[in-house]
Structures are given as structure tokens and as C-alpha cells.
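**Q** With our numbering, letter number 91 in the sequence shown gets 91, and the count goes up by one each step, no holes. My questions all concern the structure below.
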Amino acid sequence: MIVAEINASQVEALKARMQMLRGKLQDRIAVQVEKESINLMRYVVTQKLRGQVLGVKSGRLWRSITYRIDKDGAKTVGIVGTNVFYGRLWELGFSRAQGTGSRGGLGSKQGSRGGQPRTITARMQAYYDSKHPAKTTTYAARPFLRPSLEENRDKILSNIRRAITATIKESA
């Protein structure tokens with residue numbers, strides 16, 4: 001038979017140590033999640049948005065890639081994304097109306113003259129319609145955020161595990 005005696009002061013000391021370890025772990029995880037979010041943000045910009053998935057036209061999309069850290073109690077979440085509306089369109093794919101009546105051009109009710117109606121002849125309208133038939137073009141998804149996370153998932157998890165292990169070893 002094995003007998004172990006633990007007095008109340010030992011229990012309180014153990015509780016205090018566990019509480020301290022919990023705080024250190026939360027802090028270390030938050031720091032590591034921020035580092036990984038920054039690394040993922042850089043990966044998206046350098047590996048996905050500079051030619052591999054989407055070619056750079058103005059640079060607005062890749063300049064808009066940012067990260068933020070959301071902390072809710074013991075939970076820490078790193079979010080990498082964009083605030084440019086067309087980033088979501090390219091990520092998920094989209095359809096777009098083109099041709100007559102799609103954007104307020106010659107064949108629409110409001111032309112490019114500040115909303116004033118244009119006077120056009122039937123011949124002019126027929127010519128415009130023949131050159132710009134109404135159609136819908138579907139653009140396939142060209143994701144750059146989700147694949148970046150998938151490609152880096154193992155590395156991110158490994159780095160977070162390493163930070164947790166180091167914190168526990170330091171506290172031992």
C-alpha cells in the first residue's frame with residue numbers, strides 16, 4: 001500500500017504555481033500567434049499575390065493584407081485578411097454582367113453625363129448592342145488566403161507547440 005500525505009499549504013502552493021504557469025502560457029501563446037500571423041501575412045504577399053495566383057496591377061490588394069489578434073479570455077486568434085472588397089471576390093470567384101446595360105454606358109438608362117438621359121438613334125443603339133452584347137462572365141476562384149494557411153498549417157502548429165513546451169520547461 002502506498003500512502004501519500006499532502007498538507008493544505010502544499011496544495012495552495014501547487015495551485016499558485018499552476019495559476020502562474022497558466023498566465024505565462026497564455027502570454028507566450030499570444031506572442032507566438034502574433035508572430036505566426038505576421039509570417040502568414042508576409043507569405044500571402046510574397047508567395048501568392050506577386051504573380052503566383054494574382055498578378056499585381058496597382059498593388060492595392062497586397063498592401064491591404066493585414067493581421068489582427070483577437071483575445072477572448074484564454075482564447076487567442078490570429079486573423080489574416082484584406083479589407084479590399086475585390087479580395088473576397090478573387091478568393092471565392094464571382095460572376096459579372098458585361099455589355100449593354102451592365103454599367104451605365106450607352107445602352108443603359110443613365111449614361112456618363114451625370115445621370116442625364118442621352119439622345120441616341122436606333123442605328124447607334126443597334127451598333128452599340130452588336131459590339132457589346134449583354135452577357136455574364138464567370139471568373140473562377142483564385143484563392144490566396146486559404147491555400148496560404150493550408151501550406152503553412154504544420155509549421156504554425158509546430159511553432160506554437162514549441163513555444164508551449166519552452167514555457168513549461170522554463171517553469172519546471
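All C-beta atoms, glycine included, are put in the ideal place defined by N, C-alpha and C. None of the values given here were measured: they were computed from a predicted structure.
Could you check the C-alpha separation between residue 95 and residue 82 for me, to the nearest Å?
**A** In a straight line, the C-alpha of residue 95 is about 20 Å away from that of residue 82.
**Q** So the candidates are 152, 156, 146 and 90; which of them puts its Cα closest to the Cα of residue 197?
**A** With the chain represented from 1 up to 172, any question about residue 197 goes unanswered, as that position is not in the structure.
**Q** Taking residue 97 as part of the beta strand (DSSP E), name the residues at either end of that continuous run.
**A** Unbroken beta strand (DSSP E) run through residue 97: 94 to 98.
**Q** Could you tell me which of 6, 16, 25 and 69 sits nearest to residue 168, measuring between CA atoms?
**A** Ranking the options by Cα distance to residue 168, first place goes to 25.
**Q** Are three or more beta carbon pairs between the region 21 to 40 and the region 154 to 165 nearer than 8 Å?
**A** Touching, yes, given that three or more Cβ pairs across the two stretches are closer than 8 Å.
**Q** Kindly indicate the opening and closing residues of the beta strand (DSSP E) around residue 138.
**A** Looking at the DSSP string, the run of the beta strand (DSSP E) that includes residue 138 is 135 to 139.
**Q** Restricting to runs no shorter than 3 residues, where is the beta strand (DSSP E) found entirely within the region 26 to 53?
**A** Listed in chain order, there is nothing to give.
**Q** Can you find at least 3 beta carbon pairs, one from the region 40 to 54 and one from the region 135 to 154, that sit closer than 8 Å?
**A** Yes: at least three Cβ pairs fall under 8 Å.
**Q** Taking the DSSP output, what are the residues bridged to residue 70?
**A** In DSSP, residue 70 forms a bridge with 77.
**Q** Report the CB separation of residue 37 from residue 80 in whole angstroms; it is logged as a contact under 8 Å.
**A** With a Cβ gap of about 6 Å, residue 37 and residue 80 count as contacting.
**Q** Let's see if you can read the secondary structure: which residues bound the alpha helix (DSSP H) around residue 60?
**A** Counting along the chain, the alpha helix (DSSP H) containing residue 60 begins and ends at 60 to 63.
**Q** Residue 133 and residue 99: beta carbons closer than 7 Å?
**A** A contact, by the Cβ cut-off of 7 Å.
**Q** Out of 128, 127, 13 and 140, which one is the CA nearest neighbour of residue 92?
**A** Measuring from the Cα of residue 92, the nearest candidate turns out to be 140.
**Q** Which of helix, strand or coil does DSSP assign to residue 5?
**A** Three-state result, residue 5: coil.
**Q** Should residue 131 be labelled buried (16 or more other beta-carbon atoms within 10 Å of its own) or exposed?
**A** Answer is exposed; the Cβ neighbour count stays below 16.
**Q** For residue 2, count neighbouring Cβ atoms within 10 angstroms of its own Cβ and tell me buried if that reaches 16, exposed if not.
**A** Burial call: exposed.
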